[in-house]
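Per our numbering, numbering through the sequence shown is continuous, rising by one, with the last residue being 393. This report refers to the structure that appears directly beneath it.
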Amino acid sequence: MVKKQREVNAVRKGQTVVVIVLSLVALLAVLGLALDGSRLYRTRRILQNAADAAALAGAQELAMNPTTTSPAVIWRKVVQYLQANAPNYTTARAWLVQGSTRLQEITNGTGSSIPVGANGVEVQVQRGETVLFGGVLGQRTALVSARARANAGNLRTMPARSDTIPIAVHYEIIRNANVGDLLTVWDGFQVSVQTPPGSPRNYGDPSNPYSGWLNLAWIHNPDEATLGSREVDPSHSQANVNDWILNGNPYPIIAGSLFGNDGDFIMGDPGIRASGLQALENKRQQYVNQGRRPIFYFIVFDRYFDRSGMSSLFPTHGGFPNSLYFHAIGFVAIEVTEVRWQGSARGGKYVKGTFVAFVRSGDINPNSSFSGDAEMVKSVALTE
10 MVKKQREVNA VRKGQTVVVI VLSLVALLAV LGLALDGSRL YRTRRILQNA ADAAALAGAQ
70 ELAMNPTTTS PAVIWRKVVQ YLQANAPNYT TARAWLVQGS TRLQEITNGT GSSIPVGANG
130 VEVQVQRGET VLFGGVLGQR TALVSARARA NAGNLRTMPA RSDTIPIAVH YEIIRNANVG
190 DLLTVWDGFQ VSVQTPPGSP RNYGDPSNPY SGWLNLAWIH NPDEATLGSR EVDPSHSQAN
250 VNDWILNGNP YPIIAGSLFG NDGDFIMGDP GIRASGLQAL ENKRQQYVNQ GRRPIFYFIV
310 FDRYFDRSGM SSLFPTHGGF PNSLYFHAIG FVAIEVTEVR WQGSARGGKY VKGTFVAFVR
370 SGDINPNSSF SGDAEMVKSV ALTE
């Protein structure tokens with residue numbers, strides 16, 4: 010009987026040892042999986058941050074230099090940011106895209122031309138990561154990957170208190186200009202664009218303003234119910250406009266689509282006010298004294314409407330003050346080099362400056378594809 014009991018105890022001890030061993034194996038497996046999962050998650054985040062940075066850098070290069078860059082240059086930008094943010098990555102690929110559609114894979118040896126319609130960069134990056142518990146199952150590495158896409162487009166919204174000045178220029182001027190061209194906005198209707206060392210191209214006639222002096226007295230947007238009203242007392246003074254110049258636009262300015270009815274319709278009139286030009290020259294000189302480039306944003310418009318035209322476009326609005334309304338479709342960055350506030354129109358008062366390629370953070374205008382895109386202020390954003 011005693012012998013039998015001993016045999017039973019030995020069996021139980023053996024079973025206990027088996028259970029303990031199996032439990033330890035299970036515990037080590039769970040611990041290994043947890044360590045592997047944590048490492049793989051960390052690697053995934055590193056690769057995702059690197060892919061995001063590389064896609065943004067590639068899209069920014071495309072936005073800043075749309076006519077002079079090349080797929081090889083963009084690829085080198087992508088690699089630069091991947092190496093800076095994930096130096097131990099294993100492989101990487103990149104594509105030029107239009108929206109979400111891949112147009113062309115790019116490498117260091119890709120051809121010199123950018124595909125027509127390309128407006129973004131997609132990046133895929135991978136890294137092989139050693140796993141602990143996977144080795145027990147015969148899988149010693151796991152492939153971790155990340156992907157990002159960044160697109161560039163015309164800036165849709167200029168934030169409040171930016172260096173946006175109350176001058177609008179017609180999109181035909183921007184469409185036919187190049188970065189580095191000299192722009193002269195005259196008092197009245199006329200605008201001149203000169204490509205050094207060529208002679209200036211002049212735009213404007215008495216019946217068709219190619220520039221306007223906006224007074225911010227009345228901004229209409231069809232999405233006012235969502236955006237909130239930016240309609241101001243039409244009787245406000247020139248001092249309000251000067252404050253806009255010196256301290257930045259008090260409201261966000263929202264660009265619409267070319268020839269669309271969306272975006273801002275801003276009250277204004279042809280002509281340039283002397284006191285406003287003085288305020289602009291004071292601000293320009295302030296920046297120069299600070300060692301800053303005096304870069305200001307001009308508003309681009311495609312067409313303008315009088316009060317009856319606005320009432321026809323928006324019959325349920327309830328009426329508009331008697332003035333002209335310029336339809337904003339984008340922005341151009343101008344490095345202002347000279348301001349003259351004395352003299353008569355067309356030869357007297359003017360603002361002069363050069364087109365500057367510029368990219369700002371912000372939302373992309375999805376309806377901004379037209380031939381003036383190259384000179385318009387761009388925004389670059391992650392879209393996936």
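We put the CB at the ideal spot given by N, CA and C, even for glycine. Given the structure is predicted, the values throughout are model-derived calculations rather than measurements.
Q: Locate the beta strand (DSSP E) running through residue 100, then write down its first and last residues.
A: Looking at the DSSP string, the run of the beta strand (DSSP E) that includes residue 100 is 100-107.
Q. How far does the alpha helix (DSSP H) with residue 318 in it reach, from first residue to last?
A. Run containing residue 318: 316-322, per the alpha helix (DSSP H) assignment.
Q | Residue span of the beta strand (DSSP E) that contains residue 341, given as start and end | A | Counting along the chain, residue 341 sits inside the beta strand (DSSP E) bounded by residues 333-349.
Q) Rounded to a whole number of angstroms, what is the C-alpha to C-alpha distance between residue 297 and residue 136? A) One C-alpha to the other measures close to 48 Å.
Q. Over what stretch of residues does the beta strand (DSSP E) that includes residue 234 continue unbroken?
A. Premise fails: residue 234 lies in the alpha helix (DSSP H), 233-236, not in any beta strand (DSSP E).
**Q.** Identified DSSP bridge partners for residue 170
**A.** Per DSSP, residue 170 has no beta-bridge partner at all.
Q: Inspect the beta-carbon positions of residue 200 and residue 52 and report whether they are closer than 8 Å.
A: With contacts defined by Cβ atoms closer than 8 Å, residue 200 and residue 52 do not form a contacting pair.
**Q.** Length-filtered (3 minimum) beta strand (DSSP E) runs lying within the segment 264-323
**A.** Runs found: 274-278, 304-314.
Q) If you check the beta carbons only, do residue 250 and residue 225 fall under 8 Å apart? A) It is a contact, given that the beta carbons lie within the stated cut-off.
**Q.** beta strand (DSSP E) segment containing residue 163, residue limits
**A.** Element bounds for residue 163: 150-163.
Q) Can the beta-carbon of residue 341 be found closer than 8 Å to that of residue 369? A) No.
Q: To the nearest angstrom, report how far apart residue 371 and residue 164 are at their CA atoms.
A: Taking the straight line joining both Cα atoms gives about 7 Å.
Q.
So if DSSP puts residue 131 in a beta bridge, which residue, or which two residues, is it bridged to?
A. For residue 131, which the question treats as bridged, DSSP gives the partners 104, 158.
Q: Could you give the DSSP three-state label for residue 125: helix, strand or coil?
A: Three-state DSSP puts residue 125 in coil, outside helix and strand.
**Q.** Endpoints, the alpha helix (DSSP H) within which residue 90 is located
**A.** Start and end: 80-94.
Q: Give the secondary structure of residue 138 by DSSP, where H, G and I count as helix, E and B as strand, and everything else as coil.
A: Residue 138 falls in the strand class under three-state DSSP.
Q | Close-in-space but distant-in-sequence residues of the same chain around residue 187 (CB under 8 Å, 5 per side omitted) | A | Setting aside the 5 residues that flank it on each side, residue 187 is surrounded in the same chain by 204, 364, 383, 384, each with a C-beta closer than 8 Å to its C-beta; the list follows chain order.
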